[in-house]
Structure formats: structure tokens, C-alpha cells
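Below is one structure, written out as C-alpha cells; comments come after it.
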Amino acid sequence: MEYIKRLSKVPSFSKNGMDGYSFDLDDKNISIDIEDVYKGHDKYCINTKSTHIYYVLEGKGTFKINGELYNVQEGDIIEIPKNTEFVFKGKMKLFLVMTPAFNKENNINGIDNDLYN
Numbered sequence: 015m016e017y018i019k020r021l022s023k024v025p026s027f028s029k030n031g032m033d034g035y036s037f038d039l040d041d042k043n044i045s046i047d048i049e050d051v052y053k054g055h056d057k058y059c060i061n062t063k064s065t066h067i068y069y070v071l072e073g074k075g076t077f078k079i080n081g082e083l084y085n086v087q088e089g090d091i092i093e094i095p096k097n098t099e100f101v102f103k104g105k106m107k108l109f110l111v112m113t114p115a116f117n118k119e120n121n122i123n124g125i126d127n128d129l130y131n
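Mapping of the sequence shown onto this note's numbering: residues 15 to 131, in sequence order.
Below, the structure written as C-alpha cells:
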């Protein structure tokens, strides 16, 4: 077992507005990503199985969760339960823990991010 996990220099995924770097964990009950957000999450999202827990490492932005706006900054934690619609914008570096681990089959993408307007 490899106990120390290092962040890749190459994104594991990219969306229109951010790059993500996933850690390859042995425990498949959780997933951990670093998201380098330069614009935001491109579409509204609902995950039917996983809770998202974001920690703002750097920067600031705005989350829209179930229709309510929340300004976030370095040091904040954002907890988004499963079946909750959200989107965000800003220039931030986010640490994301998902439990259970991310599975794209549980993710529902909605309309385009209207926070950009």
C-alpha cells in the first residue's frame, strides 16, 4: 500500500472554468480532489449519492446552493449534502472531499452557470 499520495502536475479533469486534480486513494469510500477554479463550475450539479465538502484553500467566490447565494473566502468549509443543487464561480483553489467517492453515474448536470451573467 502506498501511504503518501502526491498531487499530479497534470489535471485529472478539466471543465470550462476549472481544472481538477484527483488523488488515487485506496479507500474507495471517499474521493479527494484539488480544484483550481479560474472561472467556476460550468453547469449546475446534483449528486444523488455523495456529500461534497469543499475547503477554500485560496481566493474567494460565490456558491449558489438550492437557489441561495453564499460568498466564500479562504478558510471556509462548504458542505453540500446529496440531492442538493449547486454551482459556483470565482477564483479559488478548493480542496474537495466526497463521500461516498465520486461516481459520474450519480452526477446530474443541469443548466449553464447563471452566476457568470
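Heads up, the beta-carbon is just placed ideally off N, CA and C, and yes, glycines get one too.
Who pairs with Tyr68 in a beta bridge, going by DSSP?
Taking the first residue of the sequence shown as position 1, residue 68 is located at position 54. Ile92 and Leu110, per the DSSP bridge assignment.
When you compare the segment 83 to 91 with the segment 26 to 36, are there three or more beta-carbon pairs, one atom per stretch, that lie closer than 8 Å?
no
Looking at the structure shown, is Lys74 part of a helix, part of a strand, or coil, going by DSSP?
As a first step, residue 74 is located in the sequence shown; it is residue number 60 there, counting from the start. In the structure shown, Lys74 sits in a strand (DSSP, three-state: E or B).
Have a look at Met15, Phe37 and Glu16 and flag the residue whose alpha-carbon is nearest the alpha-carbon of Ser22.
Stepping through the sequence shown from its first residue, residue 22 is reached at position 8. Ser22 has its Cα closest to that of Phe37, out of Met15, Phe37 and Glu16.
Nearest CA to the CA of Asp41: which residue from Ile18, Thr98, Lys107 and Tyr69?
Translated into the one-based positions of the sequence shown, residue 41 becomes position 27. For the residues Ile18, Thr98, Lys107 and Tyr69, the minimum Cα distance to Asp41 belongs to Ile18.
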